[in-house]
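Chemist: Below is a structure I'd like to ask you about.
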Amino acid sequence: MRQQEKLTLISFGFLFILFAIFALFQLGFLGTLIANGFRIIGGNTYPVLCVLLAVYGLWVMIKNNEAKTKITYGGKLAGALLIYLGVLIFFHAQLFGRIQTDQPQILATTWQILLSDIQGAQVSANVGGGMVGALLYQTTFFLVSKIGSYVFAVLFIILGGYFISPMDSQQLLELLHGIKEKIQKLIAGNPEKKAQKQENKEARKQARKEKKEQKQAQEREAALQQVKEQEKNQVRSLSAAEKLSSRAKS
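For the sequence shown, the UniProt record's numbering begins at 1 and goes up steadily by one.
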């Protein structure tokens, strides 16, 4: 490779790093514009894209004599891409999670949020997974609704992790089985704590029952005392004053 070509590649790599820094820290109008450009692609994950651009620029500068687009680790690259897409779906599902409608305008709403920030030369609004996330979420929402979109996101991340890791299919199944057992244990809870909780619940229930019975017994006792008092007043003899009062009236 000629010296001029090397200098050109080094210059391009240096520019990539500069653009990444400008976008990551939103330096001036250019930095904000580049950041919003990345937000159109990746939404709230635009810092990841900035870092990737900087890494690529550094790679071009260091490996300028071998700067090719040859992919030597296709499986790992595909795995990383699946994880990233899963994160985009998850972010966009969270963004539209509060919108109470059966048919949200996902693409149009996302673009309006992005356009508002671009026109205002700012990076402030939550844009989820950007337009890529919007397109993915639009598809998953149509196919399997909101909850299914979360499931798709998790599956993408798990599948991507499988491609990146050195695990084989058997190890993956064992891992998923272990995760399933842990989830079941979490749902079921600790048997001892569950039994203790049930005992405490029964004790509180019994205490309320005894208190209610005690109150009813007191009310019955008070009613009986009142009846006895009334009967006593009806059968007692007249006093001397009551007799004189009765004679005076007659």
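Every residue gets a Cβ at the ideal spot worked out from N, C-alpha and C, and that includes glycine.
From a predicted model like this one, the values you see are computed outputs, not experimental measurements.
Note down, in chain order, each residue of its chain lying with its Cβ closer than 7 angstroms to the Cβ of Leu85, except the 5 sequence neighbours on either side.
Modeler: Position 85 of the sequence shown holds residue 85. Leu136, Phe156, listed in sequence order.
Chemist: Suppose the cutoff is 6 angstroms on Cβ atoms and the five residues either side in sequence are ignored; what does the same chain contact list for Gly130 look like?
Modeler: Residue numbering aside, residue 130 sits at position 130 when the sequence shown is read from its first letter. Hits under 6 angstroms: Arg39, Ile40, Ile41, Gly42, Gly43.
Chemist: Going straight from the alpha carbon of Leu49 to that of Ile21, what length do you get?
Modeler: Residue 49 sits at position 49 when you count from the first residue of the sequence shown. Residue 21 sits at position 21 when you count from the first residue of the sequence shown. Cα to Cα, Leu49 sits roughly 11 angstroms from Ile21.
Chemist: With a threshold of 6 angstroms on Cβ separation, who are the neighbours of Val164 within its own chain once the five nearest residues in sequence on each side are excluded?
Modeler: Indexing the sequence shown from 1 puts residue 164 at position 164. Note on residue identity: the sequence assigns Ile, not Val, to residue 164. So the qualifying residues of the chain are Lys76, Gly79.
Chemist: Give every residue of the same chain whose Cβ lies closer than 7 angstroms to the Cβ of Glu5, excluding the five residues on either side of it in the sequence, and list them in chain order.
Modeler: Position 5 of the sequence shown, counted from the first residue, corresponds to residue 5. Answer for Glu5: no residue qualifies.
Chemist: For Met167, name the three-state secondary structure that DSSP assigns.
Modeler: Mapped onto the sequence shown, residue 167 falls at position 167. It is coil, neither helix nor strand.
Chemist: Between which two residues does the alpha helix (DSSP H) carrying Lys76 extend?
Modeler: Within the sequence shown, residue 76 is the residue found at index 76, counting from 1. Lys76 -> alpha helix (DSSP H) spans 74–95.
Chemist: Rank Gly148, Leu27, Val132 by C-alpha distance to the C-alpha of Val123 and give the top, closest one.
Modeler: Numbered from 1 along the sequence shown, position 123 holds the residue referred to as residue 123. Nearest option by C-alpha distance: Leu27.
Chemist: In whole angstroms, what is the alpha-carbon distance linking Leu176 and Asn126?
Modeler: Taking the first residue of the sequence shown as position 1, residue 176 is located at position 176. Taking the first residue of the sequence shown as position 1, residue 126 is located at position 126. The alpha-carbon atoms of Leu176 and Asn126 are separated by roughly 33 angstroms.
Chemist: Gln62: buried (16+ other C-beta within 10 angstroms of its C-beta) or exposed?
Modeler: Translated into positions along the sequence shown, residue 62 becomes position 62. As written in the sequence, residue 62 is Ile, which differs from the Gln given in the question. Label assigned to Ile62: exposed.
Chemist: Between Gly31 and Trp111, what straight-line distance do the alpha-carbon atoms span, to the nearest angstrom?
Modeler: For the purposes of this step, residue 31 is taken as residue 31 along the sequence shown, with counting starting at 1. For the purposes of this step, residue 111 is taken as residue 111 along the sequence shown, with counting starting at 1. So the two alpha carbons sit approximately 20 angstroms from each other.
Chemist: Considering only C-alpha positions, which residue in the set His92, Ala217, Ile118 is nearest to Ser149?
Modeler: Within the sequence shown, residue 149 is the residue found at index 149, counting from 1. The shortest C-alpha separation from Ser149 is found at His92.
Chemist: Specify, as a first and last residue, the run of the alpha helix (DSSP H) that Asp102 falls within.
Modeler: Translated into positions along the sequence shown, residue 102 becomes position 102. From DSSP, Asp102 is part of no alpha helix (DSSP H); its letter is neither H nor E.
Chemist: Taking only the alpha-carbon atoms, compute the straight-line gap between Val132 and Leu88 and give it to the nearest angstrom.
Modeler: Taking the sequence shown and counting its residues from 1, the one referred to as residue 132 is at position 132. Taking the sequence shown and counting its residues from 1, the one referred to as residue 88 is at position 88. Taking the straight line joining both Cα atoms gives about 7 angstroms.
Chemist: If I'm right that Phe14 touches Gly57 with Cβ under 8 angstroms, what's the distance once you round it to whole angstroms?
Modeler: Locating residue 14 in the sequence shown gives position 14, where the first residue counts as 1. Locating residue 57 in the sequence shown gives position 57, where the first residue counts as 1. Between Gly57 and Phe14 the Cβ distance is about 7 angstroms, and since that is below 8 angstroms, they are a contact.
Chemist: In this structure, does DSSP put Ala121 in helix, strand or coil?
Modeler: Stepping through the sequence shown from its first residue, residue 121 is reached at position 121. Coil, per DSSP.
Chemist: Is Phe29 near Leu53, with beta carbons less than 8 angstroms apart?
Modeler: For the purposes of this step, residue 29 is taken as residue 29 along the sequence shown, with counting starting at 1. For the purposes of this step, residue 53 is taken as residue 53 along the sequence shown, with counting starting at 1. Cβ distance not < 8 angstroms, so Phe29 and Leu53 don't count as in contact.
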